[in-house]
Amino acid sequence: MTPIQARTRPVVGQTAQMSRRVAETDISLFTEISGDRNPLHYDPEAAKSSRFGGIVVQGGITSAILNAVVAEELPGPGTVFLNVNWDFKAPVRPGDVITGHVEVLEAREDKPITKLRTWVVRGDGTVVLEGTAVCYTMDLCGNDG
29 MTPIQARTRP VVGQTAQMSR RVAETDISLF TEISGDRNPL HYDPEAAKSS RFGGIVVQGG
89 ITSAILNAVV AEELPGPGTV FLNVNWDFKA PVRPGDVITG HVEVLEARED KPITKLRTWV
149 VRGDGTVVLE GTAVCYTMDL CGNDG
């Protein structure tokens, strides 16, 4: 395991992104964790007759890419969400590639708190989630504040 490197504070305007392909198994794995057994995620006939026109993944799968971006990229390791305000704009289906984006809107000088613009885009360019998040980044190196 590589030691956690000290990170510089985020800067307003700084951006990061990560992408992944959503797999059919993500639905069953998320169901195991969450208990979300909505037929829109499993029942092809029910999902087909819905406004979505087919199987869609749980919103938690869509938003999870943002967990990865903030924990791995910006602000980085030790970061947790304090508040999120997300609008889900369009469905994500198994097989879609999604890209989570963050942009620093505010970075406090007195505390390791960052406000981010957040959005997720499907491979076809459709924005499927957008909003904001406030994050706190713990120092994992044992340094003071």
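When we follow the numbering used here, the leftmost residue of the sequence shown carries the number 29, and every step to the right adds one. The C-beta atom is built at its ideal place from N, Cα and C for all residues, glycine as well.
Distance, residue j Cα to residue i Cα
i	j	result
W147	G128	6 Å
T107	C163	6 Å
W114	C169	31 Å
P122	E101	25 Å
V40	K76	43 Å
One or two residues paired with residue i in a DSSP bridge
i	result
M166	Paired residues: none, contrary to the question.
K76	The partner list for K76 (beta bridge, DSSP) is empty, contrary to what the question assumes.
Beta-carbon proximity list for residue i, same chain, < 8 Å, skipping 5 on both sides
i	result
R136	T142
Same chain, Cβ closer than 6 Å to residue i, five either side skipped, listed in chain order
i	result
A96	M46
L110	V162, Y164
Residue of the options minimising C-alpha distance to residue i
i	options	result
I126	V132, A118, L133	A118
A44	T154, L133, K139, V156	L133
R37	L157, P103, S78	P103
Exposure label - residue i; buried when at least 16 CB within 10 Å
i	result
L144	buried
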